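Here the protein sequences come in this chain order: A and B.
Be aware that the first sequence starts at 1, since it is given in UniProt numbering, and climbs by one per residue.
Be aware that the second sequence starts at 1, since it is given in UniProt numbering, and climbs by one per residue.
Note that beta-carbon positions come from the ideal geometry of N, C-alpha and C, so glycine has one too.
This one's a predicted model, so the numbers in the text were calculated from it and none came from an experiment.
2 protein chains.
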Amino acid sequence: MDRVALDRVATIRDVAARAGVSIATVSRVLNGSGNATPETMEKVRAAASDLSFRPSTIGRNLKAARTRTVGVLVPSLTNPVFAESVAGIQDAAAEVGYSVLIASTDYDPARESRAIEGLLSNRVEGLVLTVADADRSGSLDTLDEVRLPYVLAYNQPERAPRAHVSVDNVAASRAVVERMAALGHRRIGMIAGRFRQSDRSRRRHAGWQAALADAGLPPGPVVEVDFNELRLAHRLTPHFEGPERPTALFASNDMLALATIRALRDLGLRVPDDVSVCGFDGIEVGRLMAPSLATLVQPARAMGATAFECLRTGFSGELQGRAVMMPFTLRPGESLGAAPSEST
Amino acid sequence: MDRVALDRVATIRDVAARAGVSIATVSRVLNGSGNATPETMEKVRAAASDLSFRPSTIGRNLKAARTRTVGVLVPSLTNPVFAESVAGIQDAAAEVGYSVLIASTDYDPARESRAIEGLLSNRVEGLVLTVADADRSGSLDTLDEVRLPYVLAYNQPERAPRAHVSVDNVAASRAVVERMAALGHRRIGMIAGRFRQSDRSRRRHAGWQAALADAGLPPGPVVEVDFNELRLAHRLTPHFEGPERPTALFASNDMLALATIRALRDLGLRVPDDVSVCGFDGIEVGRLMAPSLATLVQPARAMGATAFECLRTGFSGELQGRAVMMPFTLRPGESLGAAPSEST
DNA sequence: GTGAAGAATGGAAACGTTTCCATCCGCCCT
DNA sequence: AGGGCGGATGGAAACGTTTCCATTCTTCAC
């Protein structure tokens, strides 16, 4: 019977006492560094197991002056595209024994900087993050100041030479518009997140514009909406009154695409018979709904994993300005069909 | 010009040196504990700001022997219902200055226990977690052993008296079936996660069964599927061949419901004209798709927040066996309509 | 003028690890 | 048989905080 029923977590000192050795020996045995007699190893392991000893990450990190932890900052975990990339980061991190500290901002700058402060205090060794606008972000400036390595995910800065992993948003958007044009659409509109607040939205808009110009088509209506605005009917109505209404809409992300389809149906328009819709992101639920969502697929999970990998390998080298372009694919879907015949 | 361009993170000692005071004073000033001359405070604050000093959480936690951190364990971040509850936990935690450490298991027991070990090593003060089966879970046994407080979310243990926050799954399922019966459905099937692996699935199945019995209806077909199985057509085919095919299907969660609708369409059946479908969870995308998804809504975000609150307030008291039942609502949707007339 | 009280501040210990260095011991080689 | 070598182990310092305790100094009452 154990006389000592100490009701606190066992420390290395407790293990050492029980095994009758020094803490140095315990540390060595448990970490497999240094040599030890088989009997010693046995004693130590038995003691550790008896006390269900779990080395404190805190003590370890303090001594080691490194945490083997990276921070992740995303606008929202409830947007599947971010959840997916976080999962990719976690996978890649776990593989090499790294932990992940996750923070979300809900698109709120105040929460963003608080989150960054928190991650910094936790001494993360680097960050993978997605910000609203990579060209003007106080958080990124902070990171530059303290020289903490970071890799942007999804963001594609236009001016600042910041390391990022993304798709070529302009080329990707062009692919969407070209596909629409090939299907006979001539009046192609865009539903986009606020340009002021999103470099992605700007890039995707640029691609849309360029593709239309190349195809000799006039730019259709552009509707800018806020992140959390999911009731879009009243925003679309004005553009669907005349005979010149668009036959296809390109949404700058999938959540927006879903909201758009919903709104079109509320307006009594059929998708894709009256209006086609294509999204951007490639979230999984898009495949499950009816009509299934046509979308430009970014490899979210792989992007997360790649971003982490860049961060890790770049820890020693120079991360500045490096960019990785991920491949994208256009996933066909029932929401994107041929232009209505009466309009050709 | 600063002569000292030390390229490492500033410590309290650096601040003390620069301000010309002791580290004790720095600590007191920055934490607002104890008294200090206005000039001293000014000097300290200036030095801290000059060096962009951020107190190390690691050092702080080690000394304080508490981390103000809770762990969260979910099967998957990419399932919106979990993402949503995690968001709720984060919100509630942030409000009282707690941090959140997130781990996901991907339904893999090995990953689960590794994740728990990790959280334990990080000295979380408690856990909010969702496991496959709360009645037989090695991870939970571990937590009981080390006496670390935890609250289950979504799980509703049948035997073990474990603290949990959930809806009354049986009553909720009954509500779904009763609604279906009221709409004239007589042959009501169920698509469920593996009973072996999920207490939720079992409870929901029990509610389905009980409601059918009460309504004097024969149990329709039950299809058990794996978590990540999203192609269901071949699983449904056998049950839709005879004239006795079900007119309504109750899916034990929303992802399953989406997959079911998809599969039905692949089989050439219309939803809801030929077959109605109702899910369970209340994920947001359900509202956006067409047909919109009828579903039993759990207040995911509030559940997360509540679970955290229980954990926090229970830290001192006794958590054992406490349960909080959250209110549920039945969200109507286009996927659930009246039974086809020819079948009445 | 003396003493006490209290404010301001500093010294030092402690938290749980890892790791450098020193010590001790047994063994092999000559 | 003696010297040296190397393996096993322990002591102690260090990481960055907070906080207890002690010290100094100011101020005020007698």
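- For His164/A, the enclosing beta strand (DSSP E) stretches over residues His164 to Val167.
- For the pair Leu148/B and Gly242/B, the Cα-to-Cα distance works out to about 54 Å.
- If you check the CB distance, Leu258/B and Leu293/B come in under 9 Å.
- Interface annotation, Arg287/B: in contact with chain A, CB-CB separation under 9 Å.
- In this structure, the CA atom of Thr295/B is about 11 Å from the CA atom of Met255/B.
- Under DSSP, Gly279/B shares a beta bridge with Thr295/B.
- Nothing from the stretch 167-194 of chain B brings a Cβ to less than 7 Å from some Cβ of chain A.
- Sorting Asn35/B, Arg8/B, Val44/B and Asp7/B by C-alpha distance to the C-alpha of Val21/B places Val44/B at the top.
- Asp274/B and Arg331/A have their C-alpha atoms spaced approximately 29 Å apart.
- In this chain, the beta strand (DSSP E) harbouring Val324/A covers Ala323 to Met326.
- Take Ile89/A, set aside five residues on each side of it, and the residues of its chain with a beta-carbon closer than 7 Å to its own are Val72, Val100, Val128, Gly304, Ala305, Ala307 and Phe308, in chain order.
- Going by C-alpha positions, Ser85/B is about 17 Å away from Asn169/B.
- Taking 9 Å as the Cβ-Cβ cut-off, the stretch 101-113 of chain A approaches chain B at Leu101, Ile102, Ala103, Ser104, Asp106 and Arg111, given in chain order.
- Contacts with chain A at 9 Å (Cβ-Cβ) include Thr78/B.
- Each of Ala10/B, Asp91/B, Ala132/B and Ser166/B was checked against the Cα of Pro327/B, and the nearest Cα belongs to Ser166/B.
- Taking C-beta atoms as the reference points, Thr25/A and Thr40/A count as a pair closer than 9 Å.
- Only Leu120, Ser121, Asn122 and Arg123 from the stretch 120-144 of chain B bring a Cβ to less than 8 Å from some Cβ of chain A.
- Close to chain A, meaning a Cβ-Cβ distance shorter than 7 Å, are the following residues of the stretch 42-58 of chain B: Ser52, Arg54, Pro55, Ser56, Thr57 and Ile58.
- Using a Cβ-Cβ cut-off of 9 Å, Glu284/B counts as an interface residue toward chain A, since at least one Cβ of chain A sits closer than that to its own.
- If you draw a straight line from the Cα of Asp281/A to the Cα of Pro80/A, it is about 9 Å long.
- The contact set of Ile12/A on chain B, defined by CB atoms closer than 9 Å, is empty, because the minimum CB distance reaches about 13 Å.
- For Ser49/B, the number of other beta carbons within 10 angstroms of its own is below 16, and it is reported as exposed.
- Closest option to Ser335/A, judged by alpha-carbon separation, among Gln209/A, Thr260/A, Arg18/A and Thr78/A: Thr260/A.
- Among the CB atoms of chain B, one or more fall inside 9 Å of the CB of Pro291/A.
- Gln209/B and Pro219/B have their alpha carbons spaced roughly 7 Å apart.
- Neighbours of Gln298/A in chain B, taken as residues whose beta carbon is under 7 Å from its own, are absent, since the nearest beta carbon is some 15 Å off.
- At least one beta carbon of chain A lies nearer than 9 Å to the beta carbon of Val146/B.
- A straight line joining the alpha-carbon of Leu183/A with that of Leu288/A spans about 23 Å.
- For the C-beta of Glu95/A, not a single chain B residue is nearer than 8 Å; the gap to the nearest is close to 12 Å.
- At a beta-carbon threshold of 7 Å, none of the residues of chain A lie near Arg66/B; the nearest stands roughly 10 Å away.
- Chain order gives the chain B residues near Val86/A as Leu77, where near means a beta carbon separation below 7 Å.
- Flagged as an interface residue toward chain A: Ser99/B, by a C-beta distance shorter than 9 Å.
- In the DSSP assignment, Phe250/A falls within the unbroken beta strand (DSSP E) covering Ala248 to Ala251.
- Residue pairing of Val223/B in beta bridges, as defined by DSSP: Ile191/B.
- For chain A, none of the residues of the stretch 26-40 of chain B brings a beta carbon within less than 9 Å of one of its beta carbons.
- Distance from Ala87/B to Ser104/A at the Cβ level is roughly 7 Å; contact confirmed, criterion being Cβ atoms closer than 8 Å.
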